[in-house]
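Just so you know, we're using my numbering here: the sequence shown kicks off at 7 and counts up by one.
For reference, the structure discussed in these notes is given below.
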Amino acid sequence: MKETIQIEKKYRPEIEGLRIIAALLVAIYHIWLSRVSGGVDVFFIISGFLITTSIVSKINKFGEFDGKQYFSNLFKRLFPGLATIVITTIILSIILLPDFLIKQTMKEAISTLLFFENWQLALSNTDYLDSEQVKTPFEHFWAMSIQGQFYVFWFFLFTILLFTYNKYKYNFVKVLNIVLISIFILSLCFSIYQTSVNQPVAYFNPFARVWQFALGGLLCVNLSKINIHNYFGNILGWIGLLGIISTGIIFEVSSKFPGYIALFPMICTTFILISGNKYSRFGVENLLSHPIMVKLGGISFGIYLWHWVILSFYHYKMGNNVPILHGFIIIFLSIILSYYMTKYIEKPIRNRNSINGKKNLIILFIITIISMIIFLIFSYFKLNENHTNKNDNYLGAKSVLTDTYKSYDDFIPNLAKAPNDRPVSYFDGVNQNVDAAEVLIGEYGDTKTYKYTVVLAGASHTAHHLGAIKSFAKSENIRLINITKSGCRLTSEQDEDPTCNVWKKDAFNKIIEYNPDLVVTLGTVTKNDNSDYISEGMIDYFKKFDEKNIDILATRDTPRFKFSIPEMIEKNGIEQTKEAMNKYPSLSDTPPWKQHVNIPHNVHFVDYTQYFMINNKYSPIIGGIIIYHDKAHISNTYSESMGPIFKKDIMKLLEQ
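This is the structure in structure tokens:
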């Protein structure tokens with residue numbers, strides 16, 4: 007390549023200082039504030055800047071860049087630290103990990119090593135910004151996964167650009183700028199859109215993040231052309247640093263990142279990089295270039311990863327509230343671990359001329375694979391622990407009918423399986439996710455010689471009754487149709503999620519096509535003030551079904567709690583869990599339909615609250631079965647035990 011791309015050639019030590027600021031912000035916000043700081047976004051723009059600088063430098067020097075060497079260097083730079091932390095986390099998980107997190111942690115451990123963790127979290131509907139969700143020790147590796155995916159994308163991008171340049175001899179810098187600007191605009195627009203409709207998925211989506219890396223690339227290519235007065239540069243630099251530090255305080259980022267709000271820390275980082283173009287004794291680069299800052303910046307990404315692992319296990323054993331002293335100890339340990347990992351593992355392996363470095367890399371790779379195999383075996387046995395009795399001896403809700411409550415000593419499912427004990431519709435792929443509008447259909451029971459058609463329709467608090475109805479559908483010649491979507495109740499009120507509004511309309515039409523004998527759906531909604539009500543939007547839908555002469559079995563909403571039941575059992579025991587469940591009533595004293603005068607005659611309400619209680623007190627386990635798989639949804643095992651209760655009410659309506 008004859009054309010030279012002019013880039014900033016001088017060493018920018020303030021970048022290292024900026025990296026440690028970003029890492030510490032992430033740690034501080036996680037430990038004490040349970041908020042998002044914007045520090046990860048700073049890492050992304052810096053990564054885009056540095057990798058583009060590296061690629062362009064090689065193009066300027068050799069006219070091309072070697073893909074084999076590129077990926078070899080990336081592997082040496084990313085894998086040693088990743089493997090070290092993964093191995094340590096696996097060991098700690100075997101010793102300290104709560105049972106209810108084993109399956110999810112196993113999935114995320116594999117995803118982390120494959121640089122797929124961000125997609126794993128997106129596909130599992132994990133909300134990174136929800137402080138109530140229990141996090142695995144691997145969750146924080148999502149950012150490293152996105153970086154790895156970006157590095158691969160950047161290789162192919164520059165390979166294509168070089169190939170077309172050698173063929174057409176265009177102005178490389180001009181075309182590169184056009185391409186980077188296009189990526190920036192398209193990705194940012196997509197980020198803004200997806201953040202508005204499905205923020206948890208957008209947070210992990212690399213297509214909603216690549217604009218941040220592209221901005222770093224644009225700065226690399228154009229930074230040397232920007233000249234500003236020292237005085238103005240000083241102001242920009244300090245504004246940028248203060249802006250980065252205050253991002254998480256100024257903005258309610260929990261519902262906006264990585265959309266347009268993420269432009270703020272990006273612009274602030276740009277200010278700092280621009281301000282460093284000219285040296286000034288009063289500039290922010292003097293602070294960021296201090297030897298201590300530079301030294302810490304060299305181990306900053308290790309600090310970013312280590313603090314999360316330590317904090318996760320702290321939360322499992324000590325709770326979510328971290329005292330000031332304990333928080334500083336977590337940060338100090340993160341720095342120490344990152345320092346020694348960098349000195350004794352990463353740097354020796356990165357030395358391309360070192361035979362020992364290659365040998366150590368192979369050894370580390372083998373240890374990582376062995377550790378993963380051991381963890382998979384451990385997880386398998388934990389997930390398949392046998393119980394002393396057959397499942398038939400666990401009566402669940404049926405024990406309420408006979409007052410034969412089983413002791414708490416032995417229960418199903420075990421705590422490792424409980425969080426995943428959901429309706430079969432989730433595993434059959436017929437329960438629609440929150441981010442899609444297509445109406446999915448699941449058919450169960452007697453699908454050929456059926457006498458009755460029953461439709462189970464609504465959101466997750468309807469979907470969790472599938473196990474109960476499915477348990478008797480075939481024997482009673484019922485064709486059971488499942489039409490459910492997470493987070494989308496049958497109501498005429500407009501939802502903030504546009505996919506829900508589309509789904510509700512199409513779902514109703516699909517239900518009418520089946521001409522069912524009965525529709526089972528949610529009849530009340532629980533409010534945050536520990537009461538439940540019937541919305542006017544629900545009444546509207548009840549009337550629409552009434553016009554079609556379709557009966558409704560409307561279930562009272564399931565009691566909701568502020569904590570995961572399996573998690574609370576593991577952390578505090580059954581008695582404390584029971585006490586916490588009864589601390590705040592979760593439903594109104596009187597069923598809402600008894601005070602509502604506008605209910606159509608086709609609606610038949612049922613209240614199954616008594617099957618969540620022993621002696622009028624909520625209980626986490628009844629008849630030897632855990633009732634919930636999280637804080638608000640019935641476990642499928644317990645739902646199946648409610649089959650006789652549902653059968654009585656449903657058959658009464660079908661046979662009348």
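Each residue gets a CB set at the ideal place from its N, CA and C atoms; glycine is no exception.
{"Item": "Please list the terminal residues of the continuous beta strand (DSSP E) segment that includes I487.", "Value": "I484 to K491"}
{"Item": "According to DSSP, which residues form a beta bridge with Y624?", "Value": "M619"}
{"Item": "Which residue marks the beginning of the beta strand (DSSP E) containing G451, and which one marks its end?", "Value": "G448 to G451"}
{"Item": "Helix, strand or coil for Y614, going by three-state DSSP, please let me know.", "Value": "coil"}
{"Item": "Quick one: what does DSSP say Q500 is sitting in, helix, strand or coil?", "Value": "coil"}
{"Item": "So, are the CB atoms of T95 and P143 less than 8 Å apart?", "Value": "yes"}
{"Item": "Check each candidate in R495, S405 and M648 and name the one with the smallest Cα separation from I620.", "Value": "S405"}
{"Item": "Residue ranges of each beta strand (DSSP E) run of no fewer than 3 residues wholly in the region 522 to 556, ordered along the chain?", "Value": "524 to 528"}
{"Item": "What's the gap between the Cα of D563 and the Cα of K533?", "Value": "10 Å"}
{"Item": "Check the DSSP bridge columns for L462 and list the partner residues they point to.", "Value": "N488 and V526"}
{"Item": "Give every residue of the same chain whose Cβ lies closer than 7 Å to the Cβ of G451, excluding the five residues on either side of it in the sequence, and list them in chain order.", "Value": "K476, A479, K480, I484, R485 and L486"}
{"Item": "Since I believe G23 is in contact with G303 (beta carbons under 8 Å), could you give me their beta-carbon distance rounded to a whole number of angstroms?", "Value": "6 Å"}
{"Item": "Helix or strand or just coil, what does DSSP make of F77?", "Value": "helix"}
{"Item": "The alpha helix (DSSP H) with W312 in it runs from where to where?", "Value": "S306 to M324"}
{"Item": "What is the rounded straight-line gap between the Cα of Q205 and the Cα of P212?", "Value": "13 Å"}
{"Item": "Where DSSP assigns a beta bridge to L559, which residues make up the other side?", "Value": "V526 and H610"}
{"Item": "Can you give the beta carbon distance from H639 to S431, rounded, assuming they're within the 8 Å contact cut?", "Value": "No, H639 and S431 are not in contact; Cβ-Cβ is about 13 Å, not under 8 Å."}
{"Item": "Within 10 angstroms of the Cβ of N395, are there 16 or more other Cβ atoms? Answer buried if so, exposed if not.", "Value": "Note that N395 scores 48 on pLDDT, short of 50, meaning its location in the model is unreliable; the coordinates nonetheless yield the value given after this. Burial call: exposed."}
{"Item": "For the candidate residues I633, I52 and N642, whose alpha-carbon lies nearest to that of Q218?", "Value": "I52"}
{"Item": "Along the chain, where does the alpha helix (DSSP H) containing N420 start, and where does it finish?", "Value": "Here N420 belongs to no alpha helix (DSSP H), and DSSP marks it neither H nor E."}
{"Item": "Given L186, which residues of its chain have a CB within under 6 Å of its CB, disregarding the five upstream and five downstream residues?", "Value": "A220, G223 and L224"}
{"Item": "Entirely within the region 101 to 128 and at least 4 residues each: give me those alpha helix (DSSP H) ranges in chain order.", "Value": "108 to 119"}
{"Item": "With 16 other CB atoms within 10 Å as the buried threshold, where does V62 fall?", "Value": "buried"}
{"Item": "Can you tell me the Cβ-Cβ gap for S295 and E20, rounded? I've got them flagged as a contact below 8 Å.", "Value": "5 Å"}
{"Item": "Work out the CA separation of N326 and L135 for me, nearest whole Å.", "Value": "Here the model assigns L135 a pLDDT of 49, short of 50, so the residue's position is not dependable, and the following value carries that caveat. About 15 Å."}
{"Item": "Helix, strand or coil: which one does DSSP assign to Q12?", "Value": "coil"}
{"Item": "Near P264, which residues of its chain fall below 8 Å by C-beta distance, leaving aside the five closest residues on each side in sequence?", "Value": "D47, S197, T201, A208, Y209, A214, R215 and Q218"}
{"Item": "Pairing CB atoms from the region 224 to 234 with CB atoms from the region 147 to 158, are three or more of them under 8 Å?", "Value": "no"}
{"Item": "Would you check if the distance between the CB atom of Y458 and the CB atom of L311 is smaller than 8 Å?", "Value": "no"}
{"Item": "Give the C-beta separation of M347 and G308 to the nearest angstrom, bearing in mind that I take them to be a contact with Cβ-Cβ under 8 Å.", "Value": "6 Å"}
{"Item": "My output table needs one value for N437: the three-state DSSP class, helix, strand or coil.", "Value": "strand"}
{"Item": "With a threshold of 6 Å on Cβ separation, who are the neighbours of L446 within its own chain once the five nearest residues in sequence on each side are excluded?", "Value": "V436 and Q438"}
{"Item": "Closest to E352 by C-alpha separation, out of S43, P86, H471 and T490, would be which residue?", "Value": "P86"}
{"Item": "Sort S537, W599, S498 and L528 by Cα distance to K550 and report the nearest one.", "Value": "S498"}
{"Item": "Could you check which residue in K658, N536, L129 and V92 has the C-alpha nearest to that of D523?", "Value": "K658"}
{"Item": "For V32, is the classification buried or exposed, using 16 other Cβ atoms within 10 angstroms of its Cβ as the cut-off for buried?", "Value": "buried"}
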